[in-house]
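Q:
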Amino acid sequence: MNMRAIQTATRRIHRHALRASLLLILVAPHAQAGEITGLTWHSGVASVAGEFIVAPSAPNNDDNVGVSPNVVYVLQKNYVGIGPVDIEFTVADTGGVTEYRIEEGVFNGTGLAWSGYHLELGFGIGSSFVKATLGSGLDFDAPDFNSPNTFSMFFTGLPPSELDLIATGMMPTLEYASGILFHIDVPDGLGTFTLRQSPIPVPEPSTAAGLLAATALVVRSRRPSWCRR
Numbered sequence: 003m004n005m006r007a008i009q010t011a012t013r014r015i016h017r018h019a020l021r022a023s024l025l026l027i028l029v030a031p032h033a034q035a036g037e038i039t040g041l042t043w044h045s046g047v048a049s050v051a052g053e054f055i056v057a058p059s060a061p062n063n064d065d066n067v068g069v070s071p072n073v074v075y076v077l078q079k080n081y082v083g084i085g086p087v088d089i090e091f092t093v094a095d096t097g098g099v100t101e102y103r104i105e106e107g108v109f110n111g112t113g114l115a116w117s118g119y120h121l122e123l124g125f126g127i128g129s130s131f132v133k134a135t136l137g138s139g140l141d142f143d144a145p146d147f148n149s150p151n152t153f154s155m156f157f158t159g160l161p162p163s164e165l166d167l168i169a170t171g172m173m174p175t176l177e178y179a180s181g182i183l184f185h186i187d188v189p190d191g192l193g194t195f196t197l198r199q200s201p202i203p204v205p206e207p208s209t210a211a212g213l214l215a216a217t218a219l220v221v222r223s224r225r226p227s228w229c230r231r
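In short: position in the sequence shown from 1, add 2, done, that's the working numbering.
(1) Pick out whichever of I168, Y178, E101 has its Cα sitting closest to the Cα of N148.
(2) Rounded to whole angstroms, what's the CA-CA distance from V99 to D187? Just pull it up for me.
(3) Could you please give the first and the last residue of the uninterrupted beta strand (DSSP E) stretch that includes V93?
(4) On the CB-based measure, 16 or more other CB atoms within 10 Å of its CB, does S200 come out buried or exposed?
(5) Name, in chain order, the residues that DSSP records as bridge partners for N80.
(6) Mind checking who G159 pairs with in its DSSP beta bridge?
(7) Are the Cβ atoms of F91 and Y119 separated by less than 7 Å?
(8) Please report the distance separating the alpha-carbon of F305 from that of T39.
(9) Can you have a look at A179 and say buried or exposed, based on whether 16 or more other CB atoms are within 10 angstroms of its CB?
(10) Taking the beta strand (DSSP E) that A179 falls in, what are its first and last residues?
(11) Helix, strand or coil, according to DSSP, for A30 in the structure here?
(12) Taking 8 Å as the threshold, find out whether the stretch 51 to 58 comes into contact with the stretch 72 to 85 through three or more Cβ pairs.
(13) Any idea which residues DSSP pairs F131 with across the strands?
(14) Output yes or no for whether 7 Å exceeds the beta carbon distance between D190 and D65.
(15) Can you name, in chain order, every residue of its own chain whose Cβ lies under 7 Å from the Cβ of L192, other than the five neighbours on each side?
(16) Rounded to the nearest angstrom, what separates G83 and G113 at their Cα positions?
(17) By Cβ distance below 6 Å, which residues in the same chain neighbour I27 in space, the five residues on each side in sequence not counted?
(18) Return the residue from the list N110, A60, T135, D146 that minimises the CA-CA distance to E122.
(19) Check the C-beta distance from P162 over to F142 and give it rounded, since I have them as a contact under 8 Å.
(20) In whole angstroms, what is the alpha-carbon distance linking S45 and P61?
(21) Over the uninterrupted beta strand (DSSP E) stretch that includes T39, give me the two end residues.
(22) Please state whether the Cβ-Cβ distance between A48 and N80 is less than 7 Å.
Structure below.
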């Protein structure tokens, strides 16, 4: 083969390689999708395991109806005391809002039964945690709430709000709640945000009795004097 033929064949190979590269770029998923790129957990009362972030297959899918295909797993939170677990997410901008589903599991190792579970969105961790601002775009699938939330066999979710999810029920100690699922809208411009989660313990009998007595005293003090005779 002469030099000219070799050069022609080389140019043809380069053209095919360039076309293939461009095609891969066009069809490949976005590397940065208001995309969650990492997470770190912080807690003095629990340990966390089974964290896994799946690269979003549907970036910028705000107001997705039904279960979002974008998912973050936090399969084990082992509480040994009552208090918050703060999960701080790092976020890359994508030119839009990406809706994620979060799938979790929770173990109650506190020695106390729980009457509920509370999730909230904000920034910072520990004593520096600050609730997010309403209307910021970071929310639990507001305003339409058209993606499902489930809270395992132990809890039933109350109607969601923009920055809070609360579930009530009864979870005994030494039980594991699997299948917790909820959705978060993640906008651009955050850098980081925090998902705070806290169990709500069943009040001690003495505490509950004290609360009832205090409530009765307040109610009695508000009655007209002629009703107290």
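Just so it is clear, CB atoms sit at the ideal spot from N, CA and C, and this is done for glycine as well.
A: Reading from the atomic positions:
(1) In the sequence shown, the residue the question calls residue 148 occupies position 146. Among I168, Y178, E101, the Cα nearest to that of N148 is on E101.
(2) The sequence position of residue 99 within the sequence shown is 97, counting from 1. The sequence position of residue 187 within the sequence shown is 185, counting from 1. Rounded to the nearest angstrom, the two C-alpha atoms are 6 Å apart.
(3) For the purposes of this step, residue 93 is taken as residue 91 along the sequence shown, with counting starting at 1. Unbroken beta strand (DSSP E) run through V93: 87 to 94.
(4) One-based indexing of the sequence shown puts residue 200 at position 198. Looking at its Cβ environment, which holds 16 or more other Cβ atoms inside 10 Å, S200 is buried.
(5) Against the sequence shown, residue 80 aligns to sequence position 78. Paired residues: S49, F109.
(6) Start at 1 with the first residue of the sequence shown, and residue 159 comes out as number 157. G159 pairs with A169.
(7) The residue labelled residue 91 in the question sits at position 89 within the sequence shown. The residue labelled residue 119 in the question sits at position 117 within the sequence shown. No, Cβ-Cβ distance for F91 and Y119 is not below 7 Å.
(8) The question about residue 305 has no answer, for the chain in this structure spans 3 to 231.
(9) Sequence index remark: in the sequence shown, residue 179 carries index 177 (1-based). Flag for A179 reads buried.
(10) In the sequence shown, residue 179 corresponds to position 177, counting from 1. Here the beta strand (DSSP E) through A179 covers 178 to 188.
(11) Residue mapping note: residue 30 aligns to position 28 of the sequence shown, counting from 1. Per-residue confidence for A30 stands at a pLDDT of 40, beneath the threshold of 50, marking its modelled position as unreliable; the derived number appears in the next sentence. Reduced to three states, the DSSP call for A30 is coil.
(12) yes
(13) For the purposes of this step, residue 131 is taken as residue 129 along the sequence shown, with counting starting at 1. Paired residue(s): none; F131 is not in a bridge.
(14) Here residue 190 refers to the residue found at position 188 of the sequence shown. Here residue 65 refers to the residue found at position 63 of the sequence shown. Not a contact, by the Cβ cut-off of 7 Å.
(15) Position 190 of the sequence shown, counted from the first residue, corresponds to residue 192. Hits under 7 Å: V93, L140.
(16) Along the sequence shown, one-based indexing puts residue 83 at 81. Along the sequence shown, one-based indexing puts residue 113 at 111. Going from the Cα of G83 to the Cα of G113 covers about 8 Å.
(17) Mapped onto the sequence shown, residue 27 falls at position 25. Confidence at I27 is low in this model, with a pLDDT of 34, below 50, so the placement of that residue should be treated as unreliable; the coordinate-derived value is given next. Same-chain partners within the cutoff: there are none.
(18) Your numbering for residue 122 matches position 120 in the sequence shown. Out of N110, A60, T135, D146, T135 has the C-alpha closest to the C-alpha of E122.
(19) Within the sequence shown, residue 162 is the residue found at index 160, counting from 1. Within the sequence shown, residue 142 is the residue found at index 140, counting from 1. Right, their Cβ atoms sit about 5 Å apart.
(20) Taking the first residue of the sequence shown as position 1, residue 45 is located at position 43. Taking the first residue of the sequence shown as position 1, residue 61 is located at position 59. Each residue's alpha carbon lies about 30 Å from the other.
(21) Position 37 of the sequence shown, counted from the first residue, corresponds to residue 39. Residues 37 to 44.
(22) Residue mapping note: residue 48 aligns to position 46 of the sequence shown, counting from 1. Residue mapping note: residue 80 aligns to position 78 of the sequence shown, counting from 1. Contact: yes.
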